[in-house]
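Taking it in order: structure first as structure tokens, then the write-up.
Numbering (this note's numbering), first residue to last: 8 to 170.
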């Protein structure tokens, strides 16, 4: 009888109910577009730098010929000349040019007289990958701190070569 009673408890029938579904909502799902503006750099004047009267020369084009000069900075092989950014003893030193090497004077570049020196605009080729352009004083030879302008530090080789 216990079995019949326990079976009778489970005899009720409950009709299934529908599960509620969420109501669809319209959502704008278009992707957000990022907008960007491109700013152009503005060139600002450099403060406290006066305009110079130094002539501006350009690099030679392929095939141009330059006058060849030899550097000379005394009997010692380790003496070097200063290649500077401008024709001035206070201008930035770009590189020290070894003694007795060729440099190439830029075509049609003037000799500039400044601070008691005569400056030439030259190209120094340290290697096929390293070329420097700047100014060297052709009369800056010194011995024991005493300048001797009679001794040329840049000597014309009397030839031209591609620069």
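We put the beta carbon where it would ideally sit given N, CA and C, even for glycine. Quick caveat: nothing in here was measured; it's all calculated off a predicted structure.
Its Cα nearest to that of residue 129, the residue 141 stands out among 135, 159, 80, 141.
For the pair residue 75 and residue 164, the CB atoms are nearer than the 7 Å cut-off. By the neighbour-count criterion, in which a residue is buried when 16 or more other Cβ atoms sit within 10 angstroms of its Cβ, residue 97 is exposed. In the three-state reduction of the DSSP assignment, residue 111 falls in the strand class.
Collapsing the DSSP output to three states places residue 105 in a strand. Inter-residue distance for residue 162 and residue 152 is about 21 Å (C-alpha atoms, whole angstroms). In the DSSP annotation of this structure, the continuous segment of the beta strand (DSSP E) that includes residue 120 starts and ends at 119–121. Approximately 5 Å separates the beta-carbon atoms of residue 114 and residue 71; this is inside 8 Å, confirming the contact. Close CB contacts of residue 87 within its chain, under the 7 Å cut and outside five residues either way in sequence, are with 80, 103, 104, 105, 106 (chain order).
Beta-bridge analysis with DSSP links residue 133 to no other residue. The beta carbon of residue 91 sits closer than 7 Å to those of 98, 99, 100, 101, 141, 142, all from its chain and outside the five residues before and after it, given in chain order.
Take the alpha-carbon of residue 78 and the one of residue 158: they are about 11 Å apart.
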